[in-house]
Amino acid sequence: MSTAFWQPGQNVSSDIRKNSQDDALYRQEFLETIRSSIAALDGDLSALSQDIHDHPETKFEEHHAHDVLTAFMEKQGFDVSRHYLLETAWVAKYTRGSGGRTLGVNSEMDALPGIGHACGHNLIAIAGVAVACAVKAALDKHDIAGSVVLLGEEGGAGKAILLERGAYEGLDACLMCHPAPGPPYSASLSGCLARQRIDVEFTGHTAHAALSPWEGQNALDAAVLAYTNISVLRQQLKPTHRVHGIFEGKDWTPNIIPDYSKMIWYVRAPTRTEVDIAVKRISACFEGAALATGCQVKVELGNSTFELRQNKALSDEFADVFSKTVGSVDYEYGISHASTDFGNVTYALPALHPSFAIPTSGGNHTIAFTEAAASKDAHAACLKASQILAAVGMRLLTDDNFFKKVRDTFDEDVRARERERENLK
């Protein structure tokens, strides 16, 4: 995940949407319990984060992270299921009493090829742990009936896969957070772009590149032409859209006309509907390249992620508590131009995904961010955000009026999505 980052001295929006005009917070005693419980785990959480950071594993390969996280949650008194619906996914549950609502929380664990935890998923992993443990402590101390469910999963649209397999059934809402560059102790409630992966294969015919090139159909030329077609198309795409891709091949050598090439593309736009429209135009670029070079083309749509739609009631509560106890909140920066499979979750149930700022000289998906994700300042910022998420979660579990508002705003967003889709047809 990549995103533009704040420059030193850049102002943060002061548009903080508060639930009240005074400094009162809902059930202040909950926040105190949450703070003390996370403080008690501070050293253990730091060690856990560092362990995951020191053992970077790419998507669907997070065996070490799976083992250390599940062992940690078991030690904290959670009922843990390993290898849950996916090989390296897992779930940790805790229930107090009978009845009550169920809060979902997400942890991510995967690193990026070559540059490790350059998106700070070691921090996301412990943020989920901290929120779940803090909510458990509050349920116990204040004798409240309810459940908390922590889902640990990977990148590669892991949440979308788990959603399809029923992992989010029974949850009344789901929370998580993500690190991004920004001013100290600030947070963002921006959205994210929807995204579609496209896998394209061109198949041609080999020939001697010098002796008889006219006998070949050049699959590499097809890929180059497709890339050029898309580059030309960019002028007619909206500024809010993103299209980017790579080439792959096999057994390439300069003296043989390549008979195979592969391209992997991501298409992003502010909404799922806009992505679908853009994909049709981009697919024509592949068809045209195949026609011009005499190659065959195979276009397959891979995993898709929806735009991130923050539940307004949950985000308002987060902004209120964060701005009164930690720092500033904005609605523009964070991870606004990236994409996340948590967007699929926000389509299915009320959900919240703020980003929290960590000090770094580079944006997400850079070596500088990898280094920053292991810093003490990043750890401290992560725990601050975790405290506020846990406080939001406790309000969801204990305040019937607030829960109704969460559901009402989710239902209104569903209707808004329908209107958007109709308008773009």
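If you're matching positions, the sequence shown starts at 1 in the UniProt record's numbering and goes up one per residue. All C-beta atoms, glycine included, are put in the ideal place defined by N, C-alpha and C. Values in this document were obtained by computation on a predicted structure and should not be read as measured data.
C-alpha distance - residue i paired with residue j, whole-angstrom precision
i           : j           : result
residue 289 : residue 234 : 16 Å
residue 488 : residue 301 : Nothing can be reported for residue 488: it is not among the residues displayed for the chain, which extend from 1 to 425.
residue 242 : residue 184 : 29 Å
residue 224 : residue 52  : 39 Å
residue 370 : residue 307 : 25 Å
residue 212 : residue 281 : 35 Å
residue 314 : residue 396 : 8 Å
residue 226 : residue 215 : 21 Å
residue 353 : residue 229 : 36 Å
residue 248 : residue 383 : 41 Å
residue 256 : residue 297 : 20 Å
residue 419 : residue 413 : 10 Å
residue 56  : residue 112 : 8 Å
residue 269 : residue 59  : 24 Å
residue 179 : residue 188 : 10 Å
residue 45  : residue 132 : 12 Å
residue 204 : residue 299 : 15 Å
residue 79  : residue 71  : 11 Å
residue 97  : residue 83  : 27 Å
residue 76  : residue 399 : 26 Å
residue 108 : residue 94  : 19 Å
residue 218 : residue 202 : 9 Å
residue 24  : residue 309 : 27 Å
residue 343 : residue 271 : 10 Å
residue 258 : residue 293 : 12 Å
Continuous alpha helix (DSSP H) stretch holding residue i: start and end
i           : result
residue 325 : 312-325
residue 158 : 158-164
residue 364 : Per DSSP, residue 364 belongs to no alpha helix (DSSP H) and is neither H nor E.
residue 280 : 272-293
residue 63  : 63-75
residue 409 : 400-424
Test item: CB-CB of residue i and residue j under 8 Å
i           : j           : result
residue 452 : residue 105 : Because the chain is modelled from 1 through 425, residue 452 falls outside the range shown and cannot be assessed.
residue 27  : residue 394 : yes
residue 30  : residue 160 : no
residue 351 : residue 345 : yes
residue 349 : residue 177 : no
residue 381 : residue 356 : yes
residue 295 : residue 222 : yes
residue 154 : residue 62  : yes
residue 278 : residue 237 : yes
residue 317 : residue 392 : yes
residue 126 : residue 49  : yes
residue 426 : residue 424 : Nothing in the structure corresponds to residue 426, since the chain is present only between 1 and 425.
residue 340 : residue 366 : no
Exposure label - residue i; buried when at least 16 CB within 10 Å
i           : result
residue 208 : exposed
residue 166 : exposed
residue 387 : buried
residue 196 : buried
residue 124 : buried
residue 21  : In this prediction, residue 21 has a pLDDT of 45, which is less than 50 and means its spatial position is unreliable; nothing more can be read from the coordinates.
residue 250 : exposed
residue 158 : buried
residue 358 : buried
residue 291 : exposed
residue 181 : buried
Bounding residues of the beta strand (DSSP E) (the contiguous stretch that carries residue i)
i           : result
residue 357 : 355-358
residue 33  : Here residue 33 belongs to no beta strand (DSSP E); instead the alpha helix (DSSP H) covers 28-40.
residue 247 : 242-248
residue 256 : Note, residue 256: premise wrong, no beta strand (DSSP E); not H, not E.
residue 341 : Neither: residue 341 is in no beta strand (DSSP E) and is coded neither H nor E.
residue 145 : Run containing residue 145: none; DSSP gives neither H nor E here.
residue 198 : 194-203
residue 85  : Taken as a continuous stretch (DSSP letters only), residue 85 belongs to no beta strand (DSSP E), as it is neither H nor E.
residue 218 : No beta strand (DSSP E) contains residue 218, which DSSP labels as neither H nor E.
residue 175 : 173-175
query = Is it a yes or a no for the segment 136-150 touching the segment 110-123, going by three-plus beta-carbon pairs under 8 Å?
reply = no
request  = Flag this pair as touching only if the segment 397-414 and the segment 71-90 have three or more C-beta atom pairs under 8 Å; answer yes or no.
outcome  = no
inquiry  = If contact is defined by three or more beta carbon pairs under 8 Å, each pair taking one atom from either stretch, is the segment 186-196 in contact with the segment 363-379?
reply    = no
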